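Remarks on the structure that follows.
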Amino acid sequence: MFRCCRSGLAFLTMLLTLSGCGLASFNRLSVNDPIKQEDVAFIELEHTTFTQVVAKLGTPDELISLGDDEGAVAFYHFLDAKYTRINYGWPLQFVSPVPVDMILAGGGLGTNMFLVMFDHQWIAKQQSFAKHLLANRHRLWPFKDN
Amino acid sequence: MQGTITTRGLIATACTLFLCLSLLNGCSFNRGTVGDELKQENVDAIKKGVSTRAEVVAALGAPDRIIQANGHEIFQYYRYDIKAKGLFLLILNFSRINIKSDDLYIFIDKNGVVDEVVLGKRTDRLEFQFWPFGD
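Chains as they are written, first to last, in the working numbering: chain W, 4 to 149; chain E, 8 to 142.
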């Protein structure tokens with residue numbers, strides 16, 4: 004999760020440097036490739052080993068111990084963020100003697116995680132997605148409820 | 008007569024080029040990395056059942072993280088690669104930032120000897136993209 008927060012911070016910083024001065028900006032940040040349900044269908048609980056998981060999905064982004072000889076959890080993080088910024092006052096620069104800005108901006112940070120829990124022999128015990136990926140979208144109007 | 012047409016053609020081309028250039032206000036390519044590259048030859052030098060903890064550190068440096076799990080000491084090394092591209096038109100701007108990571112895990116047993124080496128590379132599939140829509 005710490006890594007996702009860092010990525011979010013990097014996203015905001017880079018938005019400030021990448022956002023131009025035109026009428027509208029559309030920006031996106033992707034961290035790693037999303038893992039889909041069909042990608043993890045091969046995992047059989049109580050059978051699939053850590054090595055087999057790594058061979059199919061790659062190395063996990065994070066590995067956390069559950070205690071001495073009590074197993075470990077492998078985390079795969081991925082993130083997709085979209086951000087839109089529209090300056091509705093931009094066209095007025097052609098008729099107004101002073102610059103007029105009316106900027107509306109919005110976006111969403113869609114984070115997702117896939118977790119596999121391994122026992123003390125590195126055999127998969129449990130797997131699950133933490134789903135928040137639907138939050139990512141370009142928002143042209145930031146005043147809507149969701 | 009032919010010379011006149013050529014001159015007109017040149018003027019038309021110049022005007023079109025000028026129009027295109029005024030619409031294409033600018034573009035940018037940005038690149039950033041976090042951590043050193045995990046070189047395959049350095050990883051290959053670490054032998055399962057032979058190399059020791061000290062040899063791992065000598066070859067790869069201190070790990071970014073150390074995890075204790077299932078009787079193993081696990082050294083984690085990671086590297087991030089960032090590619091960002093922006094297309095700044097007169098009216099619209101598009102930009103996209105892609106980040107991928109490489110991770111290396113080295114499992115060390117209770118005797119301080121390497122038990123398993125797991126390397127995953129994603130950064131070789133990292134691309135410069137500006138289009139922020141779609142999958």
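For each residue, glycine too, the CB sits at the ideal point set by N, CA and C.
Treat the numbers as computed from the prediction; the structure is a model and nothing was measured.
Query: Using 10 angstroms around the beta-carbon of Phe45 (chain W), count the other beta-carbons present and answer buried if the total reaches 16, otherwise exposed.; Result: exposed
Query: Could you tell me the boundaries of the alpha helix (DSSP H) in which Thr54 (chain W) lies?; Result: Phe53 to Leu60
Query: Could you check the C-alpha separation between Ala76 (chain E) and Gly119 (chain E) for me, to the nearest Å?; Result: 14 Å
Query: What residue range does the beta strand (DSSP E) around Val76 (chain W) cover?; Result: Ala75 to Asn90
Query: Would you mind telling me which residues of chain W sit closer than 7 Å to Phe1 (chain E), beta carbon to beta carbon, in chain order?; Result: With chain E represented from 8 up to 142, any question about residue 1 (chain E) goes unanswered, as that position is not in the structure.
Query: If I'm right that Gly110 (chain W) touches Thr87 (chain W) with Cβ under 8 Å, what's the distance once you round it to whole angstroms?; Result: 6 Å
Query: Does the beta-carbon of Lys85 (chain W) have 16 or more other beta-carbons within 10 angstroms, so that it is buried, or is it exposed?; Result: buried
Query: Within 7 Å of any Cβ in chain E, is that where the Cβ of Asp72 (chain W) sits?; Result: yes
Query: In or out: Ala27 (chain W) buried (at least 16 other Cβ within 10 Å) or exposed?; Result: buried
Query: Report the partner residues of Gly93 (chain E) according to the DSSP bridge assignment.; Result: E:Ser35 and E:Ser102
Query: Can you check DSSP and say which residues form a bridge with Glu80 (chain E)?; Result: E:Gln75 and E:Ile115
Query: Given Phe53 (chain W), which residues of its chain have a CB within under 6 Å of its CB, disregarding the five upstream and five downstream residues?; Result: Phe121 and Trp125
Query: Alpha carbon to alpha carbon, what distance is there between Val63 (chain E) and Val57 (chain E)?; Result: 11 Å
Query: How big is the Cα-Cα spacing for Ile115 (chain E) and Phe135 (chain E)?; Result: 37 Å
Query: Can you give the Cα-Cα distance for Thr14 (chain E) and Ile89 (chain E), rounded to whole angstroms?; Result: 47 Å
Query: Please state whether DSSP places Ala52 (chain E) in a helix, a strand or coil.; Result: coil
Query: Applying a beta-carbon distance threshold of less than 9 Å, which residues of chain W neighbour Gly78 (chain E)?; Result: Asp71, Asp72 and His123
Query: Under the DSSP definition of a beta bridge, which residues are partnered with Ala19 (chain E)?; Result: Beta-bridge pairing links Ala19 (chain E) to no other residue.
Query: For a test of the three-state rule: what should DSSP assign to Gln136 (chain E), helix, strand or coil?; Result: coil
Query: Quick one: Cα of Leu19 (chain W) to Cα of Gly25 (chain W), how far?; Result: Note on Leu19 (chain W): pLDDT 49, under 50, position unreliable in the model; the coordinate value appears next. Rounded to whole angstroms, Leu19 (chain W) to Gly25 (chain W) spans 14 Å at the Cα level.
Query: Roughly how many angstroms lie between the CA atoms of Ser99 (chain W) and Gln40 (chain W), to the nearest whole one?; Result: 54 Å
Query: Apply the 10 Å Cβ neighbour rule to Met116 (chain W) and answer buried if 16 or more other Cβ atoms are within range, or exposed otherwise.; Result: buried
Query: Is Asn118 (chain E) close to chain W? Criterion is C-beta to C-beta, closer than 7 Å.; Result: no
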